[in-house]
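Each residue of the sequence shown is one higher than the one before, counting from 252 in this note's numbering. All residues carry an ideal CB built from backbone N, CA and C; glycine is no exception. For clarity, every value in this text was computed on a predicted model and none was experimentally measured.
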Amino acid sequence: MNHVVILMLGLASGAAYALIALGLVLTFRGSGVINFAHGAFAMFGAYTFIQVRDSGALVFPFVPFVVRIGDSASLGVSIAYTLVVGLLMGLLSYYLIFRPLRTAPMLANVVASVGLLLSLQATSVLQFGSNNTSTAPVFPSGSVSLGTSVVPSDRFYLTGLAIVVAALLTLIYRFTRFGLATRAAAGNERGAMILGYNPYRLAAVNWALASALACVAGIVLVPISGVDAITMTLLVVPALGAALIGRLTSFPITAVAGLLIGAAQSGILDLQSFDWYPGFARTGASQGLPFLVIIGVLVVGGRRLPARGFSSARLPISRAASSTARMITSIAGPIALLVLLFTLSSGLQLALMNTMVISIIMLSIVVLTGFVGQISLAQAALAGTAGFGLSRFADQLGIPFPLSPILAVLLATAVGVLVGLPALRVRGVQLAVITLAGGIAVQEFLFKNASFTGGLLGSKVPNPHLFGLDLGVRAPGEFPRPIFGVFLIIVLVLLCLGVTNLRLGITGLRFLSLRANEAAAASIGINVAATKLLAFGIASAIAAIGGVMIGYLQSTLSFGSFDIFVGLTWLALAYMGGITSVSGALVGGVLAGGGVLATVMDNAFGFGRYVQIVAGIGLILTALLNQDGISGGTAITRDQVRARLAKRRQPDPAPSVPRRNVDVSA
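What follows is the structure, encoded as structure tokens:
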């Protein structure tokens, strides 16, 4: 009986998963978008509810001031205002972001939702802090006795709420005119318009309802588990698992799946109380369950999921580097970096090193997403695998340089190829879902596990030594050491040249063919599966080298070094810089937090804490206005200017028939 009670205790989180998942189904039905920011909507709704109820403060995303209606507010007023905020968040998100992207490539929709997630999460940290916050119960307090055990009554209220909402949505979308019109528009937008329905208005209503449901999830969960800007934001992953079980169409199946995932996670925690349960698996095992669910649904049944088509609009151009660009990369760039390294102050030297390290990781995103079109949100997990692997090989096992970093890179590359295996069955947004869930599973199960990492004490990374020369960033009385910067410059330049030559070679052409059209690539003899795995292997190796360099730069690693939000911010900055070119990766590194530009802006204006907000908003604006990124947009502008100047320099064309005087007097 006690085990049954423990399963029932998980219904609280299961109900929240169900409500968030129902919202994901609504947004997908309405617009064909899987909104990765949906958990952030729930998180902001929870904070909004607490602020109104406990302090009478009316808050709204990205608004720096509050309006107070007293010292506190009633439960009804607090819920009503939170739902209004939820409705407005959904409407504004659709009309300002996702409606303009309705004809954009699927990649733009994915990165825009990631940008929305990043900006909402960072805004919440600034507005409300990062500590866990709670409030008084929403439902009547009490308990239900089951044998010798007691179950809080709020579990039954929450379960009933999820079931009732799923039933209402089922009735609405099966029997009402609005629901039938939404289903018709999901199948054929043009046909729905011919029948007199506005698919964009239908999508907006669905987004508003979905966002309000996310806020309801935040309201009912916050008295039980509290809220912080990270944990509730990541509830989107188990909610995605539930929504995918329901194939993004069935409300009842989605709700039941959410409840069962919550109960199963509670059951896993119960299993950990047994002596036979392995000690190394006590951390993060329950958080890994949604990843297994998503893998099972998408890899086993991915082809049966509904395909709400995205436009075949042009993806960002992947330009071949010119001879001038290659000369800059191989000669002028390193010289400039060396000059800066030995002339800047120590603070800016460290910022320059950060820029170079992050640029290395962004090169991996360029290869995988820019060249091949595979959307991976797990590059931070791969970098972290290499970083923590380096610590274990070099510090704990005493393996010397350069063998220890080579082993760490090989380990992360093998993991990256395993991550790439689902790409043989799924692609696009479904692959993004898998890699997001996988990245979180690695973070919770490995990076936070003291059996694999150093726990709260961190994982130490000793300085690299080559032929007796200390290449490390630290020495007694000296930090940072320029010699490590020289080491970084060599690694970065070699990788930039390698990626440039990869793009120019036959492998790069195969990558681009795969990105353009997998079926067409297969028809001309390209082995799609082998090419995908090769791309994942190369990108994983580059990300692993970046993780190794982060280890050497930080000397002591913690799970925060490779947090999922760090990885998403890297994706955002790579996309802003230009996700299809080496120069874009370098621009992204300059923009990164702790990089050169951010450090200069922080020193001048206190900019540091706004980096993630700027990255999120910049990612959205890039998806909306300039999908080629800063580097790609600059190249396009340069080509246009050159074309205009060349046209002006051309002489007027000579007449095709020689001129001659004609006597018209006759």
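Please list the segments of the beta strand (DSSP E) lying wholly inside the segment 702-774, counting only runs of 3 or more residues, in order along the chain. Runs of the beta strand (DSSP E) inside the segment 702-774: none found.
I want to know whether the segment 782-793 touches the segment 854-871 - three or more CB-CB distances under 8 Å. Between the segment 782-793 and the segment 854-871 there are fewer than three inter-stretch CB-CB distances shorter than 8 Å, so the stretches are not counted as touching.
Under the three-state reduction of DSSP, which class applies to Phe-561: helix, strand or coil? With a pLDDT of only 47 at Phe-561, under 50, the local geometry of the prediction cannot be trusted, and the value read off the model is given with reservation. Three-state result, Phe-561: coil.
On a Cα-Cα basis, can you pick out the residue from Pro-356, Ile-650, Thr-505 that is closest to Val-415? Proximity to Val-415 across Pro-356, Ile-650, Thr-505 peaks at Thr-505, based on C-alpha coordinates.
Where do the N-terminal and C-terminal ends of the beta strand (DSSP E) with Pro-400 fall, by residue? The sequence shown places Ser at residue 400, rather than the Pro named in the question. For Ser-400, the enclosing beta strand (DSSP E) begins and ends at 400-403.
Glu-695 burial status per 10 Å Cβ neighbour count (16 or more: buried): Looking at its Cβ environment, which holds 16 or more other Cβ atoms inside 10 Å, Glu-695 is buried.
Every unbroken alpha helix (DSSP H) inside the segment 795-871 [4 residues or more]: If we require 4 residues or more, the alpha helix (DSSP H) runs fully inside the segment 795-871 come out as 815-828, 833-842, 847-856.
Boundaries of the alpha helix (DSSP H) in which Thr-500 is found, first to last residue: Note, Thr-500: premise wrong, no alpha helix (DSSP H); not H, not E.
Starting from Val-395, follow its DSSP beta bridges and name the residues at the other end. Beta-bridge analysis with DSSP links Val-395 to Val-402.
Leu-697: which of Ala-631, Ala-468, Gly-447, Ile-801 sits nearest, CA to CA? If we check each option's Cα against that of Leu-697, Ala-631 comes out closest.
Close-in-space but distant-in-sequence residues of the same chain around Pro-656 (CB under 7 Å, 5 per side omitted): Taken in chain order, the residues that qualify are Leu-641, Val-799.
Would you call the segment 342-351 and the segment 399-412 touching, i.e. three or more CB-CB distances under 8 Å? Touching, no.
List the whole-angstrom C-beta distance separating Ala-266 from Gly-513, where the pair is believed to meet the contact cut-off of C-beta under 8 Å. Contact check for Ala-266 and Gly-513: beta-carbon distance about 7 Å, within the 8 Å limit, so the pair qualifies.
What would DSSP say about Val-318, mapped onto helix, strand or coil? In the structure shown, Val-318 falls within a strand segment according to DSSP collapsed to helix, strand and coil.
Spatial neighbours of Val-680 in its chain, beta-carbon cut-off 8 Å, leaving aside the 5 residues before and after: Take Val-680, set aside five residues on each side of it, and the residues of its chain with a beta-carbon closer than 8 Å to its own are Ile-285, Met-357, Asn-360, Val-361, Ile-626, in chain order.
On the CB-based measure, 16 or more other CB atoms within 10 Å of its CB, does Gln-647 come out buried or exposed? Exposed.
With DSSP as the reference, identify every bridge partner of Val-336, one or two as the case may be. For Val-336, DSSP records no beta bridge to any residue.
Can you round the beta-carbon distance between Gly-797 and Val-666 to whole angstroms, since I take them to be within the 8 Å contact cut? Rounded, the Cβ-Cβ distance is 14 Å, inconsistent with contact.
Where does Ala-373 land, buried or exposed, given buried means 16+ other C-beta within 10 angstroms? Looking at its Cβ environment, which holds 16 or more other Cβ atoms inside 10 Å, Ala-373 is buried.
Pick out whichever of Ala-436, Arg-304, His-289 has its Cα sitting closest to the Cα of Tyr-268. Of the candidates Ala-436, Arg-304, His-289, the one whose C-alpha sits nearest the C-alpha of Tyr-268 is His-289.
Please determine, among Ala-771, Ser-809, Leu-755, the residue with the shortest C-alpha to C-alpha distance to Gly-709. Checked all of Ala-771, Ser-809, Leu-755; the closest Cα to Gly-709 is Ser-809.
Sufficient close CB pairs (3 or more, under 8 Å) joining the segment 826-844 to the segment 609-625: Contact between the segment 826-844 and the segment 609-625 is present: 3 or more CB-CB pairs across the two stretches fall below 8 Å.
Excluding the 5 residues flanking Pro-585 on each side, which residues of the same chain have their C-beta closer than 7 Å to its C-beta? Excluding sequence neighbours, Pro-585 sits near Ile-740, Val-744.
Quick one: grab the DSSP three-state call for Val-478. Correct three-state label for Val-478: strand.
Starting from Phe-379, trace the alpha helix (DSSP H) both ways and give me its first and last residue. Per DSSP, Phe-379 belongs to the alpha helix (DSSP H) from 357-379.
Between Leu-628 and Leu-446, which are expected to be in contact by the criterion C-beta below 8 Å, what is the C-beta distance as a whole number of angstroms? Going by Cβ atoms, the distance from Leu-628 to Leu-446 rounds to 38 Å, so no, they are not a contact pair.
Start-to-end residues for the alpha helix (DSSP H) that takes in Asn-877: Going by DSSP, Asn-877 is part of no alpha helix (DSSP H) at all; its letter is neither H nor E.
Pull up the distance between the alpha-carbon of Tyr-448 and that of Met-604, whole angstroms please. Roughly 55 Å separates the two Cα atoms.
C-beta atoms of Phe-287 and Val-365 nearer than 8 Å: Result yes, Cβ atoms of Phe-287 and Val-365 sit closer than 8 Å.
Going by C-alpha to C-alpha distance, which of Val-712, Gln-878, Val-684, Gly-296 sits closest to Leu-819? For Leu-819, the closest of Val-712, Gln-878, Val-684, Gly-296 by C-alpha to C-alpha distance is Val-684.
Residue nearest to Gly-638 in terms of C-alpha spacing, selected from Ala-794, Val-488, Ile-734, Leu-273: That would be Ala-794, whose Cα lies nearest to the Cα of Gly-638.
Please report the straight-line C-alpha distance between Leu-293 and Leu-760, rounded to a whole angstrom. Residue identity differs from the one stated: residue 293 is Ala in this sequence, not Leu. Each residue's alpha carbon lies about 43 Å from the other.
In angstroms, rounded to a whole number, what distance separates the CA positions of Val-376 and Ala-480? Cα to Cα, the separation comes out at about 6 Å.
Roughly how many whole angstroms lie between the Cα atoms of Gly-327 and Ala-432? For the pair Gly-327 and Ala-432, the Cα-to-Cα distance works out to about 32 Å.
Can you say whether Arg-899 is buried or exposed, counting buried as having 16 or more other CB atoms within 10 angstroms of its CB? Residue environment analysis places Arg-899 among the exposed positions, since fewer than 16 neighbouring C-beta atoms fall within 10 angstroms of its C-beta.
Return the first residue and the last residue of the alpha helix (DSSP H) that Glu-440 is part of. If you look at Glu-440, you'll find it in the alpha helix (DSSP H) that goes 440-445.
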